[in-house]
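Okay, so here's the structure we're looking at.
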Amino acid sequence: MTMSTTDIQKSETQQVTRMSNGRRTYVPPVSIYETGDKLVLTADVPGATADDIDIQVEQRELRIHARIADRMPADAKPLLTEYGVGDFRRSFLLGEDIDADSIDAKVEHGVLTLTLPKTEAMRTRHIPVKAVD
Amino acid sequence: MLTKPVSRWPLGELARELDRLFADFTPEGLLSYGTQPALNLWEEGNMLVAEAEVPGMKLEDLDISVAGNQLTIKGERKEEVKDAVFHRRERTFTSFTRVVTLPTEVDTDKVEATLRNGVLRITMPKSEAVLPRRIEVKGS
Numbered sequence: 002m003t004m005s006t007t008d009i010q011k012s013e014t015q016q017v018t019r020m021s022n023g024r025r026t027y028v029p030p031v032s033i034y035e036t037g038d039k040l041v042l043t044a045d046v047p048g049a050t051a052d053d054i055d056i057q058v059e060q061r062e063l064r065i066h067a068r069i070a071d072r073m074p075a076d077a078k079p080l081l082t083e084y085g086v087g088d089f090r091r092s093f094l095l096g097e098d099i100d101a102d103s104i105d106a107k108v109e110h111g112v113l114t115l116t117l118p119k120t121e122a123m124r125t126r127h128i129p130v131k132a133v134d
Numbered sequence: 394m395l396t397k398p399v400s401r402w403p404l405g406e407l408a409r410e411l412d413r414l415f416a417d418f419t420p421e422g423l424l425s426y427g428t429q430p431a432l433n434l435w436e437e438g439n440m441l442v443a444e445a446e447v448p449g450m451k452l453e454d455l456d457i458s459v460a461g462n463q464l465t466i467k468g469e470r471k472e473e474v475k476d477a478v479f480h481r482r483e484r485t486f487t488s489f490t491r492v493v494t495l496p497t498e499v500d501t502d503k504v505e506a507t508l509r510n511g512v513l514r515i516t517m518p519k520s521e522a523v524l525p526r527r528i529e530v531k532g533s
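Going down the list, the protein sequences come from chains Y and P. If you want this note's numbering, it's the position in the first sequence, counting the first as 1, plus 1. If you want this note's numbering, it's the position in the second sequence, counting the first as 1, plus 393.
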């Protein structure tokens, strides 16, 4: 039996909004897709720059944390508040088929993109066929 | 025997109840249609500031206009990935139009929009006509 290469995660270790130090922490929406020999994870982390984002892999748990500072001055008068501003956090448990040492991360326009290469063993290998006379 | 009147449209009642409930949370004079993008709006001195989270969008994907006391934000969030097998798809890609009636008139010539790290910020100085004026009190 081979392990599924079709899922980055076996389980999600954190899913709900929670409070931390009196501020709310938000779960960013995430998409995960597979192309060729890698999985790509994209997450919406508006307001975050590369310096604000901390990514850790420990015991195959991938942890994403983006620190977001308040943008509305404390003395401003709110007129409409449809979303809250706070840190983004989300964790995933990586499957054995992901090469955790080769994960690449970049952030652009508030979208974090993680590239997760599959381990050598899990890649699709193309076997050349020799013609035999 | 007295019976309590039963509404034929219990859901209609519920909707009205909800409308009434949410009316309490909507500041007076703020009317809005469209739900995307979610907006935060605040007053900062003599300015109104509107902010929306639009991750992945570029300025050219957005069309912002202000007329009188009406702010309109149009945009299209484009899906950049094609030909991939998705395992999870929580990020959404849509076109939207959002119109918000501001509580005061703003100086449309001085409205500025900046987009930084997926956060759109629109600063709108209040129009001179609505700024508070100080009336000197003369002594006799």
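Virtual Cβ for every residue (Gly too), placed ideally from N, Cα, C.
By the beta-carbon neighbour count (other beta carbons within 10 angstroms, threshold 16), P74(Y) is exposed. In the three-state reduction of the DSSP assignment, A44(Y) falls in the strand class, which pools E and B. Residue-level contact check: N439(P) does not touch chain Y, since none of the beta carbons of chain Y fall below 8 Å from its beta carbon.
A straight-line Cα-Cα distance of about 25 Å links L508(P) and V41(Y). Check the Cα spacing between V58(Y) and each of L94(Y), P29(Y) and L80(Y): the tightest is with L94(Y). Contact check between the segment 110-119 of chain Y and the segment 456-467 of chain P: fewer than three CB pairs, one atom from each, fall below 8 Å, which does not count as touching.
Of all residues in the segment 26-46 of chain Y, those with a C-beta nearer than 9 Å to a C-beta of chain P are P29, P30, V31, S32, I33, Y34, E35, T36, L40, V41, L42, T43, A44, D45 and V46, reading in chain order. The shortest C-alpha to C-alpha distance from A77(Y) to any of M517(P), S520(P), E437(P) and A477(P) is the one to E437(P).
For P79(Y), the enclosing beta strand (DSSP E) begins and ends at K78 to T82.
By the CB criterion at 8 Å, D53(Y) and P30(Y) fall outside the cutoff. Contact annotation: K519(P) and L441(P) have beta-carbon atoms nearer than 8 Å.
Only R72, M73, P74, D76, A77, K78, P79, L80, L81, T82, E83 and Y84 from the segment 71-84 of chain Y bring a Cβ to less than 9 Å from some Cβ of chain P. Non-local C-beta neighbours of V504(P) in its own chain, meaning closer than 6 Å and more than five positions away in sequence, comprise V459 and M517, ordered along the chain. Counting only residues of its own chain and dropping the five nearest sequence neighbours on each side, N439(P) has a CB closer than 8 Å to the CB of P518, K519 and L524. Cβ-Cβ separation between L81(Y) and N433(P): approximately 6 Å, consistent with a contact (criterion under 8 Å). Annotation for R24(Y): G87 place their beta carbon closer than 6 Å to its own, counting only its chain and skipping 5 residues before and after.
Residues of chain Y whose Cβ lies closer than 9 Å to the Cβ of V474(P) are, in chain order, S32, Y34, T36, V41 and T43.
In the structure shown, D102(Y) falls within a helical segment according to DSSP collapsed to helix, strand and coil. Shown here for D456(P): same chain residues with a beta carbon closer than 6 Å to its own, the five before and five after excluded, namely K467 in chain order.
In this structure, I65(Y) lies near R90(Y), with their beta-carbon atoms less than 8 Å apart. For R481(P), the neighbours in chain Y by C-beta distance under 7 Å run, in chain order, V31, S32 and I33. By the rule that beta-carbons nearer than 8 Å mark a contact, T50(Y) touches chain P. A506(P) carries a strand assignment under DSSP once its states are collapsed to helix, strand and coil. Among the bridge pairs identified by DSSP, K519(P) is matched with V499(P).
Rounded to the nearest whole angstrom, the C-alpha separation of V108(Y) and A122(Y) is 29 Å.
When the five nearest sequence neighbours on each side are left out, the beta carbons in the same chain lying within less than 8 Å of the beta carbon of K451(P) are those of L508, in order along the chain.
Here A460(P) is bridged, per DSSP, to Q463(P).
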